[in-house]
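Chemist: Structure incoming, see below.
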Amino acid sequence: MKDGLRQSMAWLHTWSGLLVCWVLFLVFCAGTATYFREEITLWMTPELHAPHSQQVSEAQVVQTAVTALQRNAGDATRWFITLPSERSTALRIGWIAPPPADAPARGRGKFTSQIIDPLTGEKMPDVRDTRGGEFFYRLHFDLHYLPVIWARWIVGICAMFMLVAIVSGIITHKRIFKDFFTFRTKKGQRSWLDAHNATAVLALPYHLMITYTGLVTMMFMYMPWPAQAVYHGDQAAFFADVFPNARNAKASGQPAALTALAPLVAQAEQHWQSVPASLITVNHPGDANATVVITRQKAKALSYLQPSMQFNGVTGAMIDVAGEQPSGANATRGVLYGLHLGHFANPLLRALFFLCGLSGCAMVATGALLWAVKERQKYAKKLAQGGRVGFGLRLVDALNIGAIAGLPIAFACYFWANRLLPVALEKRPEAEISWFFLAWGMAAVAAQIRPDRRMWQWQLWLGAVLLMGVPVLNVFTTSSHLGVTLLLAQGPWSVAGFDLTVLALGIALAFAAWHLGRKHKDGNKAAKPQTTKDNARLRKAT
Numbered sequence: 024m025k026d027g028l029r030q031s032m033a034w035l036h037t038w039s040g041l042l043v044c045w046v047l048f049l050v051f052c053a054g055t056a057t058y059f060r061e062e063i064t065l066w067m068t069p070e071l072h073a074p075h076s077q078q079v080s081e082a083q084v085v086q087t088a089v090t091a092l093q094r095n096a097g098d099a100t101r102w103f104i105t106l107p108s109e110r111s112t113a114l115r116i117g118w119i120a121p122p123p124a125d126a127p128a129r130g131r132g133k134f135t136s137q138i139i140d141p142l143t144g145e146k147m148p149d150v151r152d153t154r155g156g157e158f159f160y161r162l163h164f165d166l167h168y169l170p171v172i173w174a175r176w177i178v179g180i181c182a183m184f185m186l187v188a189i190v191s192g193i194i195t196h197k198r199i200f201k202d203f204f205t206f207r208t209k210k211g212q213r214s215w216l217d218a219h220n221a222t223a224v225l226a227l228p229y230h231l232m233i234t235y236t237g238l239v240t241m242m243f244m245y246m247p248w249p250a251q252a253v254y255h256g257d258q259a260a261f262f263a264d265v266f267p268n269a270r271n272a273k274a275s276g277q278p279a280a281l282t283a284l285a286p287l288v289a290q291a292e293q294h295w296q297s298v299p300a301s302l303i304t305v306n307h308p309g310d311a312n313a314t315v316v317i318t319r320q321k322a323k324a325l326s327y328l329q330p331s332m333q334f335n336g337v338t339g340a341m342i343d344v345a346g347e348q349p350s351g352a353n354a355t356r357g358v359l360y361g362l363h364l365g366h367f368a369n370p371l372l373r374a375l376f377f378l379c380g381l382s383g384c385a386m387v388a389t390g391a392l393l394w395a396v397k398e399r400q401k402y403a404k405k406l407a408q409g410g411r412v413g414f415g416l417r418l419v420d421a422l423n424i425g426a427i428a429g430l431p432i433a434f435a436c437y438f439w440a441n442r443l444l445p446v447a448l449e450k451r452p453e454a455e456i457s458w459f460f461l462a463w464g465m466a467a468v469a470a471q472i473r474p475d476r477r478m479w480q481w482q483l484w485l486g487a488v489l490l491m492g493v494p495v496l497n498v499f500t501t502s503s504h505l506g507v508t509l510l511l512a513q514g515p516w517s518v519a520g521f522d523l524t525v526l527a528l529g530i531a532l533a534f535a536a537w538h539l540g541r542k543h544k545d546g547n548k549a550a551k552p553q554t555t556k557d558n559a560r561l562r563k564a565t
């Protein structure tokens, strides 16, 4: 090996980061937003911002949901009741309809979901249908339009590259912590390297944790061979041992009345020492083999494991308790999973996770830009003579603009679509998501046409205006804008927090666009005296 270890790691760090940086930037941006997905969903359903004037007991809420399901989905194969919680105050019901007669043998019926009034059980009038923050959660590992398996393999491979890039970066920068306190402005490549080092070291433990735990969440897909070897390919037996739970019997076809669910919820919460329930699942409602599974809310603990209790749906007798005594391996996985999702965190800690996520976005972006700045220096002489950069650098420049500057435009358009699309529009969630990808696609195409400084400035300004315009748009489209939520202190505070956050991000983009334009003007001013001086020398020589 001609090069030393650090030189070899530098090469590995560069290419393991560059090859997947644009996918990683999307994953980091969407994943960072996921820390507040419930709050984003609440902001995107302004009809739910007004608090209920009358308090409703949990028993009444459960009974209201059951009555609504019996009325709307009496023939469903499964019911779901999502109870109100601290971060999501909506009462949501869902059901799976029986599959059509001509469906495949293993086909599933259509899933339907509604937000209902906890007093009347009626569907909330004029509540816009939206995926809200759930879209960002699924996007950061499912990539939306791709087949799920392919998308998760792509994200997993990118995460593995990310882990390699982090470790090799630590080895490469022997003065990494010293460099963290060094930032040299207006130094070209040196300044980009300082920015990359600072954003990487600022949240280095977070970057290592979020990358590794992200791989752990999909470890059964990425590394299935140990389980296949031990269980001889019987995947069902493996999951039954790792995630023990009582199995549901098939529907008997004999009708039977469903037992009252409110006492079962009270029994489960008493068993969990007053920790409330979050989800009620009824399998085969109205059948003699009906079962009821009550899942506990996520506790303020590191582990993501959620204990559940299963009851007989006719007699109400308890069948099994699951998740309270996990194996060592399962408990370890639960902690790693919980670290990745951050459900254990209070609002302040989630805000810190959010800032660390933004630092990760900046780390990926500055890394991609650093390669382009370094590569452009090789073409400095050629550019001075009126030449052009190579195809590879031009492609990277365009991808950088489309991903780094174009993605904020897509996020902003998603929020604008939520406010501007008709509330009663059919397939409204799909329309909002389409605007996200349409805006991003247009930004990417424009970047390919003209991948230069001016395009950077245009797209940064557009993203800034759209993001800063979200709170302004809220003034004209809802009654829960910053004038009400913040100035009059009437809440909800999470809605005010969302408006302030997008406003701050818009201001940051505006500053970047302004600084980019100012830097360009300073460069032109510096070039003019030199040109004048050269012309004077030429005249003197002749």
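Note that the working numbering has the sequence shown beginning at 24, numbered continuously upward.
Note that the Cβ used here is the ideal one computed from N, Cα and C, for glycine as well.
Apart from the five residues on each side of it in sequence, which residues of its chain come closer than 7 Å, Cβ to Cβ, to Val150?
Modeler: Within the sequence shown, the letter at position 127 stands for residue 150. The answer, listed in chain order, is Thr68, Glu70, Leu71, Ile138.
Chemist: Which full runs of the alpha helix (DSSP H) of 4+ residues lie inside the stretch 222 to 281, going along the chain?
Modeler: 227 to 240, 242 to 245, 248 to 254, 258 to 265
Chemist: Any idea what DSSP makes of Met185, helix, strand or coil?
Modeler: As a first step, residue 185 must be located in the sequence shown, where it is residue number 162. The answer is helix: DSSP assigns Met185 an H, G or I state.
Chemist: Could you name each continuous alpha helix (DSSP H) segment of 4 residues or more that falls completely within the stretch 468 to 526, going from the start of the chain to the end?
Modeler: 476 to 500
Chemist: Going along the chain, which unbroken runs of the alpha helix (DSSP H) with 4 or more residues stay wholly within the stretch 84 to 166?
Modeler: 157 to 165
Chemist: I'd like to confirm the pairing. Which residues does DSSP put opposite Met332 in its beta bridges?
Modeler: One-based indexing of the sequence shown puts residue 332 at position 309. Answer is Ile317, Val344.
Chemist: Looking at Ala82: is its Cβ nearer than 8 Å to the Cβ of Ile116?
Modeler: For the purposes of this step, residue 82 is taken as the residue at position 59 of the sequence shown. For the purposes of this step, residue 116 is taken as the residue at position 93 of the sequence shown. In this structure, Ala82 sits away from Ile116, with a CB-CB distance that is not shorter than 8 Å.
Chemist: Determine which residues share a DSSP beta bridge with Asn306 and list them.
Modeler: Residue 306 sits at position 283 when you count from the first residue of the sequence shown. According to DSSP, which records beta bridges pairwise, Asn306 is partnered with Arg101, Thr314.
Chemist: Going by the DSSP bridge assignment, what does Ala82 pair with across the sheet?
Modeler: Working through the sequence shown from its first residue, we reach residue 82 at position 59. The partner list for Ala82 (beta bridge, DSSP) is empty, contrary to what the question assumes.
Chemist: Quick check on Glu455: buried or exposed, where buried means 16 or more other Cβ atoms within 10 Å of its Cβ?
Modeler: Mapped onto the sequence shown, residue 455 falls at position 432. Answer is buried; the Cβ neighbour count reaches 16.
Chemist: What's the C-alpha gap between Asp140 and Ala487?
Modeler: On the sequence shown, position 117 is the one that residue 140 refers to. On the sequence shown, position 464 is the one that residue 487 refers to. For Asp140 and Ala487, the distance between alpha carbons rounds to 38 Å.
Chemist: For the stretch 328 to 339 against the stretch 303 to 313, are there 3 or more C-beta pairs whose distance is under 8 Å?
Modeler: yes
Chemist: Could you check how far apart the C-beta atoms of Ala467 and Ile432 are, in whole angstroms? I think they sit under 8 Å.
Modeler: As a working mapping, residue 467 is identified with position 444 in the sequence shown. As a working mapping, residue 432 is identified with position 409 in the sequence shown. Incorrect: roughly 10 Å between the Cβ atoms, too far for contact.
Chemist: Residues in its own chain within less than 7 Å of Leu216 by CB, not counting five upstream and five downstream?
Modeler: Translated into the one-based positions of the sequence shown, residue 216 becomes position 193. Result list for Leu216: Leu393, in chain order.
Chemist: Please name the residue in Asp152, His196, Ser301 whose C-alpha comes closest to that of Gln30.
Modeler: As a working mapping, residue 30 is identified with position 7 in the sequence shown. When only C-alpha atoms are compared, the closest one is His196.
Chemist: Looking only at its own chain, which residues have a Cβ that is under 8 Å from the Cβ of Leu528, when we skip the five neighbours before and after it?
Modeler: What you label residue 528 is simply residue 505 of the sequence shown in a count that begins at 1. Excluding residues within five positions, the ones whose Cβ falls inside 8 Å are Pro431, Leu490.
Chemist: Could you pull the DSSP bridge partners for Ala300 from this structure?
Modeler: Position 277 of the sequence shown, counted from the first residue, corresponds to residue 300. Paired residues: Arg319.
Chemist: Less than 8 Å separating the beta-carbons of Ile317 and Met341?
Modeler: Mapped onto the sequence shown, residue 317 falls at position 294. Mapped onto the sequence shown, residue 341 falls at position 318. Against a cut-off of 8 Å, the Cβ pair of Met341 and Ile317 comes out as no contact.
Chemist: Nearest by alpha-carbon distance to Leu42: which of Thr282, Ala182, Ala374 is it?
Modeler: Working through the sequence shown from its first residue, we reach residue 42 at position 19. Closest option to Leu42, Cα to Cα, is Ala182.
Chemist: How close, in whole Å, do the beta carbons of Pro569 and Val344 come, if the pair is a contact with beta carbons under 8 Å?
Modeler: Any question about residue 569 goes unanswered here, given that the chain covers just 24 to 565.
Chemist: Of the choices Phe459, Arg319, His219, Val187, whose alpha-carbon is the least far from that of Gln296?
Modeler: By one-based count along the sequence shown, residue 296 stands at place 273. Comparing Cα-Cα distances from Gln296 to each of Phe459, Arg319, His219, Val187, the minimum goes to Arg319.
Chemist: For Ala73, tell me which candidate among Arg356, Leu371, Thr501, Leu539 has the shortest Cα-Cα distance.
Modeler: In the sequence shown, the residue the question calls residue 73 occupies position 50. That would be Thr501, whose Cα lies nearest to the Cα of Ala73.
Chemist: Identify which residue in Thr112, Pro247, Trp479, Phe59 has its Cα closest to the Cα of Val79.
Modeler: Counting from one through the sequence shown, the residue named residue 79 turns up at place 56. That would be Thr112, whose Cα lies nearest to the Cα of Val79.
Chemist: Quick check on Trp516: buried or exposed, where buried means 16 or more other Cβ atoms within 10 Å of its Cβ?
Modeler: Against the sequence shown, residue 516 aligns to sequence position 493. That one is exposed.
Chemist: Ignore the nearest five residues each way along the sequence and tell me which others in Gly492's own chain have a CB closer than 8 Å to its CB.
Modeler: Counted from its first residue, the sequence shown places residue 492 at position 469. Result list for Gly492: Ala435, Trp439, Gly529, in chain order.
Chemist: What first and last residue would you give for the alpha helix (DSSP H) that runs through Pro431?
Modeler: The residue labelled residue 431 in the question sits at position 408 within the sequence shown. Going by DSSP, Pro431 is part of the alpha helix (DSSP H) stretching over 429 to 443.
Chemist: Go to Arg411, then tell me how far its alpha helix (DSSP H) extends in each direction, as first and last residue.
Modeler: In the sequence shown, counting from the first residue as 1, residue 411 sits at position 388. Unbroken run through Arg411: none, as it is neither H nor E.
Chemist: Give the C-beta separation of Ser382 and Thr222 to the nearest angstrom, bearing in mind that I take them to be a contact with Cβ-Cβ under 8 Å.
Modeler: Walking along the sequence shown from the start, residue 382 turns up at place 359. Walking along the sequence shown from the start, residue 222 turns up at place 199. Right, their Cβ atoms sit about 5 Å apart.
Chemist: Out of Glu62, Gly54, Thr57, Gly40, state which residue places its alpha-carbon closest to the alpha-carbon of Phe521.
Modeler: The residue you call residue 521 lines up with position 498 of the sequence shown. Among Glu62, Gly54, Thr57, Gly40, the Cα nearest to that of Phe521 is on Glu62.
Chemist: Please state whether the Cβ-Cβ distance between Ala535 and Leu483 is less than 8 Å.
Modeler: In the sequence shown, residue 535 corresponds to position 512, counting from 1. In the sequence shown, residue 483 corresponds to position 460, counting from 1. Yes; because the gap between Cβ atoms is below 8 Å, this pair is in contact.
Chemist: What residue range does the alpha helix (DSSP H) around Ser39 cover?
Modeler: What you label residue 39 is simply residue 16 of the sequence shown in a count that begins at 1. Run containing Ser39: 28 to 41, per the alpha helix (DSSP H) assignment.
Chemist: If you follow the alpha helix (DSSP H) that Gly339 is part of, which residue opens it and which one closes it?
Modeler: Position 316 of the sequence shown, counting from 1, holds the residue named residue 339. Neither: Gly339 is in no alpha helix (DSSP H) and is coded neither H nor E.
Chemist: Rounded to the nearest angstrom, what separates Asn441 and Pro452 at their Cα positions?
Modeler: Numbered from 1 along the sequence shown, position 418 holds the residue referred to as residue 441. Numbered from 1 along the sequence shown, position 429 holds the residue referred to as residue 452. The alpha-carbon atoms of Asn441 and Pro452 are separated by roughly 9 Å.
Chemist: Taking only three categories from DSSP, how would you classify Gly365?
Modeler: In the sequence shown, counting from the first residue as 1, residue 365 sits at position 342. Three-state result, Gly365: coil.
Chemist: Can we say the stretch 298 to 307 touches the stretch 233 to 253, given the rule of at least three CB pairs closer than 8 Å?
Modeler: no
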